[in-house]
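Asker: After the structure tokens below, expect a handful of questions from me.
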Amino acid sequence: MNYTLLPFRFAPFDAARYLLTNDVGEYLFLGNDDFLRFVGGDLDPHSELFYDLESKQMATTSNTEDVVGMLATKFRTKKSILRNFTELHMVVPTLRCNSSCVYCQVARKNMDDHSADMTKATAKNVVKTIFMSPSPCIKIEFQGGDPSTNFDLVKYIIEEAEWVNLRKRRELEFVICTNITLLDEKMVGYLKRHKCFISTSLDGPEDLHDKNRPLQRTTHNHAIFEEKLQMIRRVWGDEECVSALMTTSRYSLGRFKEIIDEYRRLGFHNIFLRSLNPYGFAQQYKERIAYPIDDFIANYKEGLDYIIELNKQGERFVENYAALLLKRMLTPFATGFVDLQSPAGVGIAGAIYDYDGNVYVADEGRMMARFKNYYFQLGNVNTDDYQSIFNGEKLHDIISKSCTECLPACSDCVFQPYCGADPVRNMSTQGDVVGFRPESEMCKKTKAIIRYLFELIDRNDPEINRIFWSWINT
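Counting from 1, one number per residue, gives the positions in the sequence shown under this note's numbering.
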């Protein structure tokens, strides 16, 4: 053999070609005959095809040690998200909520039930624990329930964090996740002054949104939502102060174009086409609101195609999940999206502090605790110190079992460099943190979407390429 093979993964992409990828996300398509010649050592090392393989560090005629050094640099860049440790800190001021979402993942409390409100003493310990993180960037995200139902505590945490940060000097961000129906001008003015951005939920047109997300005292959520959205943007003076997420229920299938158009009508310029998560009511009532994952994949592809056509017509509109995957596929850079990390981002990229001070590796771990599964609880800010919570055996064990580079069926998967581990979902749906990929809906969905993105890239359509790079460069 006139060249040295370097580590790569491969799989048939279609009847005529193989897809090759390596640990740093470089990829190349090879025809069947070229692939066999390559792995058999019979490819001409002076051919254009070999030069492509060599430029992507899949083979070399040079000093292997030098090429491995280059791969190591790229690999460190891909894993740079690990450098800062926990950046995202989700805080639950209360479980009270005025919504009755059909897929609610939390055991929410009624508006007059204050039994699950966080105390100021616990809030102070939460902020203290958050600033023990070595990360130079701290994002505090208020979850619920709906945190607007305990807005005084939200204000307390914001001001306590700002006070602590006078000494800590971190890059500090705030986000409040709310259905926005209880916000008023005074509350929005406060959020604006403290640069606390708003993340909300919009599931589509009025009938669909109201079916998925009815309020406890009225089914007309959408009308109130639209009124509050206009008020927020008027007070804030910037459309970008509010972002929205959608969740796909069975009622959403076949309506992705309508959902996208509703986002456009309401002034949003992006959407995250998100499937149902298997927690809480979504799991309990899955016969009523769930669906085969193949149905979601088909709807996702149709939605993505429609969004691409909008961009071709000159309207900038981004599908956020595709943008995250494309950044992993087409650039050497990391993404902060917790669900697409290896090792998994649970605990080490994000963590959540419940109303009682319990700390979980992820919001989904908190949701599982509502149904008496406490596997993902790391400790409590009122009784445990930072080291025992974030450097204890529990988190070490979870992370050691969530590196896709060495997980069964992930380690040799051609899409592994672009994917991530989800130990919480594995535990919820399959009973252990490692999981069984052939029966994993998350695995099936992610692989199908990555494959479809590769199909679109492989068309070498200048317009599609321009659109994809515009999404990445945002």
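Note that CB positions come from ideal geometry on N, CA and C, so glycine has one too.
(1) Using only alpha-carbon positions, find the residue among M70, F142, K444 that is nearest to D294.
(2) Is it the case that the Cβ atoms of F515 and L53 are separated by a distance below 9 Å?
(3) Of the residues D203, E226, Q284, T218, which one's Cα is nearest the Cα of I271?
(4) Tell me the residue span of the alpha helix (DSSP H) that contains P423.
(5) In the segment 209 to 278, which residue ranges form an unbroken beta strand (DSSP E) of at least 3 residues, counting only runs that do not cross its ends?
(6) Measuring alpha carbon to alpha carbon, tell me which of D339, R328, L453, Y300 ends up nearest T77.
(7) Whole angstroms are fine: how far does the CA of E319 sit from the CA of N311?
(8) Report buried or exposed for W163, applying the criterion of at least 16 other Cβ atoms within 10 angstroms of its Cβ.
(9) Given a threshold of 16 other Cβ atoms within 10 Å of its Cβ, counted over all protein chains shown, does G303 qualify as buried or as exposed?
(10) By DSSP's criteria, P417 is part of a beta bridge. Which residues make up the other side?
(11) Can the beta-carbon of I198 be found closer than 9 Å to that of V242?
(12) State yes or no: is the C-beta of G435 within less than 9 Å of the C-beta of F337?
(13) Rounded to whole angstroms, what's the CA-CA distance from E262 to Y51? Just pull it up for me.
(14) Measure the alpha-carbon distance for Y306 versus F468 and round it to whole angstroms.
(15) Which first and last residues belong to the beta strand (DSSP E) in which C137 is found?
(16) Inspect the CB distances between the segment 148 to 168 and the segment 377 to 384 and report whether three or more fall short of 8 Å.
(17) Would you kindly report the start and end of the unbroken beta strand (DSSP E) that includes I81?
(18) Could you compute how far the alpha carbon of Y156 sits from the alpha carbon of K120?
(19) To which residues of the same chain is Y418 closer than 7 Å at the C-beta, ignoring the five residues directly before and after it?
(20) Would you call the CB atoms of V68 and G145 closer than 9 Å?
(21) Let me know the secondary structure DSSP gives F50 once reduced to three states.
(22) Going by DSSP, which residues form a beta bridge with A11?
(23) Flag this pair as yes or no: are the beta carbons of Y321 and L276 separated by less than 9 Å?
(24) L245 to Q230, Cα distance in whole Å?
(25) Less than 9 Å between the C-beta atoms of I138 and A161, yes or no?
(26) Which class does V484 belong to by DSSP, given the choice of helix, strand or coil?
(27) By Cβ distance, which residues of its chain are closer than 8 Å to F225, with the 5 residues on each side in sequence left out?
(28) If you follow the alpha helix (DSSP H) that M368 is in, where does it begin and where does it stop?
(29) Just checking, does the segment 459 to 474 make contact with the segment 336 to 353 on the three C-beta pairs under 8 Å criterion?
(30) So with Cβ pairs under 9 Å, would you call V126 a contact of chain D?
(31) Please return the same chain residues whose Cβ sits closer than 7 Å to the Cβ of I260, not counting the five positions on each side in sequence.
(32) Whole angstroms are fine: how far does the CA of S99 sit from the CA of T218?
(33) Which first and last residues belong to the beta strand (DSSP E) in which A351 is found?
(34) In whole angstroms, what separates the C-alpha of Q216 from that of D113?
(35) If we ignore side chains and look at the alpha-carbon of each, how far apart do K56 and A323 end up?
(36) With a threshold of 16 other CB atoms inside 10 Å of the CB of D385, please say whether the residue is buried or exposed.
Answerer: Inspection of the coordinates gives the following:
(1) Within the sequence shown, the letter at position 294 stands for residue 294. Here the closest residue by C-alpha is K444.
(2) With the chain covering 1 to 474 only, the question about residue 515 has no answer from this structure.
(3) Residue 271 sits at position 271 when you count from the first residue of the sequence shown. Residue D203 is the option with its Cα nearest to I271.
(4) Counted from its first residue, the sequence shown places residue 423 at position 423. Note, P423: alpha helix (DSSP H), 423 to 430.
(5) Fully enclosed beta strand (DSSP E) runs of 3 or longer: 242 to 245.
(6) Indexing the sequence shown from 1 puts residue 77 at position 77. T77 has its Cα closest to that of R328, out of D339, R328, L453, Y300.
(7) Within the sequence shown, numbered from 1, the residue matching residue 311 stands at position 311. Within the sequence shown, numbered from 1, the residue matching residue 319 stands at position 319. Distance between the alpha carbons of N311 and E319: 11 Å.
(8) As a position in the sequence shown, residue 163 is number 163, starting the count at 1. It counts as exposed.
(9) Here residue 303 is taken as the residue at index 303 of the sequence shown, counted from 1. Buried is the call here.
(10) The count along the sequence shown starts at 1 and reaches residue 417 at position 417. Its beta-bridge partners do not exist; DSSP assigns none.
(11) Residue mapping note: residue 198 aligns to position 198 of the sequence shown, counting from 1. Residue mapping note: residue 242 aligns to position 242 of the sequence shown, counting from 1. If you check the CB distance, I198 and V242 come in under 9 Å.
(12) Taking the first residue of the sequence shown as position 1, residue 435 is located at position 435. Taking the first residue of the sequence shown as position 1, residue 337 is located at position 337. It is not a contact, given that the beta carbons lie outside the stated cut-off.
(13) In the sequence shown, the residue the question calls residue 262 occupies position 262. In the sequence shown, the residue the question calls residue 51 occupies position 51. Distance between the alpha carbons of E262 and Y51: 48 Å.
(14) Counting from one through the sequence shown, the residue named residue 306 turns up at place 306. Counting from one through the sequence shown, the residue named residue 468 turns up at place 468. So the two alpha carbons sit approximately 14 Å from each other.
(15) The count along the sequence shown starts at 1 and reaches residue 137 at position 137. 137 to 142 is the extent of the beta strand (DSSP E) around C137.
(16) no
(17) As a first step, residue 81 is located in the sequence shown; it is residue number 81 there, counting from the start. Counting along the chain, I81 falls outside any beta strand (DSSP E), and DSSP gives it neither H nor E.
(18) Working through the sequence shown from its first residue, we reach residue 156 at position 156. Working through the sequence shown from its first residue, we reach residue 120 at position 120. If I take the Cα positions, the gap works out to 8 Å.
(19) As a working mapping, residue 418 is identified with position 418 in the sequence shown. G25, L325, R328, M329, I450.
(20) The residue labelled residue 68 in the question sits at position 68 within the sequence shown. The residue labelled residue 145 in the question sits at position 145 within the sequence shown. No, they are not a contact pair.
(21) Residue numbering aside, residue 50 sits at position 50 when the sequence shown is read from its first letter. Residue state, collapsed to three classes: helix.
(22) The sequence position of residue 11 within the sequence shown is 11, counting from 1. Answer is L19.
(23) As a position in the sequence shown, residue 321 is number 321, starting the count at 1. As a position in the sequence shown, residue 276 is number 276, starting the count at 1. Not a contact, by the Cβ cut-off of 9 Å.
(24) On the sequence shown, position 245 is the one that residue 245 refers to. On the sequence shown, position 230 is the one that residue 230 refers to. Looking at the two C-alpha atoms, the distance is approximately 17 Å.
(25) Against the sequence shown, residue 138 aligns to sequence position 138. Against the sequence shown, residue 161 aligns to sequence position 161. Yes, the Cβ-Cβ distance between I138 and A161 is below 9 Å.
(26) The chain is shown only over 1 to 474; residue 484 falls outside these bounds and no answer can be derived.
(27) For the purposes of this step, residue 225 is taken as residue 225 along the sequence shown, with counting starting at 1. Hits under 8 Å: N179, I180, T181, T200, L202, H209.
(28) Here residue 368 refers to the residue found at position 368 of the sequence shown. Looking at the DSSP string, the run of the alpha helix (DSSP H) that includes M368 is 363 to 369.
(29) no
(30) This model lacks chain D altogether; it includes just one protein chain.
(31) Mapped onto the sequence shown, residue 260 falls at position 260. I271, G303, Y306, I307.
(32) Here the question's residue 218 lines up with position 218 in the sequence shown. Here the question's residue 99 lines up with position 99 in the sequence shown. Straight through space, the alpha carbons of S99 and T218 are spaced by roughly 9 Å.
(33) Along the sequence shown, read from residue 1 onward, the residue named residue 351 stands at position 351. 350 to 353 is the span of the beta strand (DSSP E), which, as asked, contains A351.
(34) Locating residue 216 in the sequence shown gives position 216, where the first residue counts as 1. Locating residue 113 in the sequence shown gives position 113, where the first residue counts as 1. Looking at the two C-alpha atoms, the distance is approximately 14 Å.
(35) Within the sequence shown, numbered from 1, the residue matching residue 56 stands at position 56. Within the sequence shown, numbered from 1, the residue matching residue 323 stands at position 323. Their backbone Cα atoms lie some 22 Å apart in a straight line.
(36) Here residue 385 is taken as the residue at index 385 of the sequence shown, counted from 1. D385 should be labelled exposed.
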